[in-house]
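J.: So that we are looking at the same thing, I have put the structure below in structure tokens.
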Amino acid sequence: MGITKEAVRVLARECGFELAGVAVAIPSGDVGRYREWVTAGFAGEMRYLTDYRAEVREDPRRLLGSAQSIICVGKLYHTGSSELDWISRYAWGSDYHGEMRRGLVRLQELLRQECGEFESKICVDTAPLLERSYARKAGLGWIGKNTCLINQQTGSWYFLGELLVSLEIEPDVPPPDRCGTCTRCIDACPTAAIVPSGVDSRLCISYFTIELRGSVPEEHRAGIGHHVFGCDICQDVCPWNRRAPLTEDPAYQPREYAPALEKLAALSEVEFKALFRETPVLRSRYSGFLRNVAIAMGNSGLPKFRAPLEKLAASADPLVAEHARWGLDQLP
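Per this note's numbering, the sequence shown starts with residue 4, numbered consecutively.
Written as structure tokens, this is what we have:
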């Protein structure tokens, strides 16, 4: 039995996804742009974007040989709160990887009830797939200058996921790019990370605070400001997010934590893992997290952070100690 793209959207909504659409499982026209981005070095130290998996990204059928269609879904995570703005909004609740996968497993089951057996593969951002490109082809939105997928009606606060299927489903139509001449995200980025070809990760606050394992280049530390994990500036200033709806999903509601920086600086590794258990914040790792806290305290310029920075400067971890010493130098 076949299934229509409209029926797929109905099933996706039953699984908790606000957006859903279908793209053909063939190489994306963005492959060339991706190669140029990698060649320019914009991936920084994120080797999972440049190693053998880069070639896998060129064709979704390398993930599932029988794939004919890609069902793309979007899950809203916007809560509207700003009390945790030192942590990127996507990390305020539960880790989205598990939440998205559970929804896609359910969608897979519903499709089998409708269509019978077929081959499939679930992808949630860790898979080598140009997911924003296929989400655009599936009609979910266009790719903005800040490289976020933007839906005209509801904005860009979405997690993306995909279900590759051996079913032939009529594809959706990509929407037009509606960023126009707007440059608000470009102008607002403190580190000038948004360039004509996308985002230069080597300048991005999210890269510095999450992906980079070593020392943050000194010339970029001031631009990080108070951010400890990720950054939402380019989405916060986007006009298409003015009327962004709020999610009611309990999984993405902010947890009851917004400790002061000095309390974060005092966390033991055990306490760090307990506080951020089952959230994306653990990706920064304990050492990287304290590095970020030290930078944030230094950028505050507040004398009250001298004592916690002095304690971090005495750390046996050279990465933490280095950034704490820098933080101390920024205080009056």
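Beta carbons are placed, not taken as given, at the ideal position from N, Cα and C, and that holds for glycine.
In or out: Q156 buried (at least 16 other Cβ within 10 Å) or exposed?
T.: exposed
J.: For F308, which residues in the same chain have their Cβ closer than 6 Å to its Cβ, ignoring the five residues on either side in sequence?
T.: Cβ within range, chain order: M300.
J.: Select from E214, D190, N149, L143 the residue whose C-alpha is nearest the C-alpha of P179.
T.: L143
J.: Which residues share a DSSP beta bridge with Y161?
T.: L79
J.: Can you check which of these residues, L331, Q116, R92, F45, is closest to P199 by C-alpha distance?
T.: F45
J.: Determine the direct distance from the alpha carbon of A225 to that of G47, and round the result to whole angstroms.
T.: C-alpha separation (whole angstroms): 19 Å.
J.: For G201, does the three-state DSSP call read helix, strand or coil?
T.: Strand at G201.
J.: At the level of alpha carbons, what is the spacing between E117 and I189?
T.: 45 Å
J.: When the Cα of L293 is compared with those of R280, S271, E165, A277, which residue comes out closest?
T.: S271
J.: Taking C-alpha atoms, which residue in E58, A15, V11, L22 lies nearest to V34?
T.: E58
J.: Have a look at L334 and P220 and give me their C-alpha separation to the nearest angstrom.
T.: Pairing L334 with P220, the inter-Cα distance amounts to about 19 Å.
J.: Which residue from G19, E21, E134 puts its Cα closest to that of V27?
T.: E134
J.: Measuring CB atoms only, is the stretch 193–209 touching the stretch 104–112, in the sense that at least three cross pairs come out at less than 8 Å?
T.: no
J.: What is the DSSP secondary structure of C126, reduced to helix, strand or coil?
T.: strand
J.: Classify K78: buried if its beta carbon has 16 or more other beta carbons within 10 angstroms, exposed otherwise.
T.: buried
J.: Could you check what DSSP says for I29 in three-state terms: helix, strand or coil?
T.: coil
J.: If we ignore side chains and look at the alpha-carbon of each, how far apart do D62 and L166 end up?
T.: 15 Å
J.: Is V198 near the ligand MG, judged by its Cβ being under 8 Å from some heavy atom?
T.: As far as ligands go, the structure on display features none, and thus does not contain the ligand MG.
J.: Quick check on K124: buried or exposed, where buried means 16 or more other Cβ atoms within 10 Å of its Cβ?
T.: buried
J.: Which whole-angstrom value describes the C-beta separation of C207 and T194, a residue pair presumed to lie in contact below a C-beta threshold of 8 Å?
T.: 7 Å
J.: Between I153, E173, Y210, which has its C-alpha nearest R181's C-alpha?
T.: When each option's Cα is compared against that of R181, the closest is I153.
J.: Answer with buried or exposed for A277, where buried requires no fewer than 16 other C-beta atoms within 10 angstroms of its C-beta.
T.: Exposed.
J.: DSSP state of N244, grouped into three classes?
T.: Note: N244 maps to helix in three-state DSSP.
J.: Over the uninterrupted alpha helix (DSSP H) stretch that includes L293, give me the two end residues.
T.: Per DSSP, L293 belongs to the alpha helix (DSSP H) from 288–303.
J.: Measuring only the C-alpha atoms, how far is R64 from I29?
T.: 7 Å
J.: Please classify V284 as buried or exposed, where buried requires at least 16 other C-beta atoms within 10 Å of its C-beta.
T.: buried
J.: Measure the beta-carbon distance from R139 to P174 and round it to whole angstroms, keeping in mind my assumption that it falls under 8 Å.
T.: In this structure, R139 and P174 do not form a Cβ contact; the two beta carbons are roughly 12 Å apart against a cut-off of 8 Å.
J.: Could you name each continuous alpha helix (DSSP H) segment of 4 residues or more that falls completely within the stretch 134–193, going from the start of the chain to the end?
T.: 134–140, 187–191
J.: Which whole-angstrom value describes the C-beta separation of Y80 and F162, a residue pair presumed to lie in contact below a C-beta threshold of 8 Å?
T.: 6 Å
J.: Sort E17, Y37, T129, V11 by Cα distance to L66 and report the nearest one.
T.: T129
J.: Since I believe T7 is in contact with P257 (beta carbons under 8 Å), could you give me their beta-carbon distance rounded to a whole number of angstroms?
T.: Under the criterion of beta carbons closer than 8 Å, P257 and T7 do not qualify as touching, at roughly 38 Å.
J.: Do you know how far the Cα of C126 is from the Cα of T250?
T.: 22 Å
J.: Of the residues C151, G183, R115, which one's Cα is nearest the Cα of V168?
T.: R115
J.: CB-CB under 7 Å to R286, same chain, minus the five flanking residues each way: which ones, in chain order?
T.: Excluding sequence neighbours, R286 sits near I213.
J.: My assumption, with CB atoms under 8 Å, is that S31 sits in contact with Y99. Please give the rounded CB distance.
T.: Contact between S31 and Y99 is ruled out by a C-beta separation of about 23 Å, above the 8 Å threshold.
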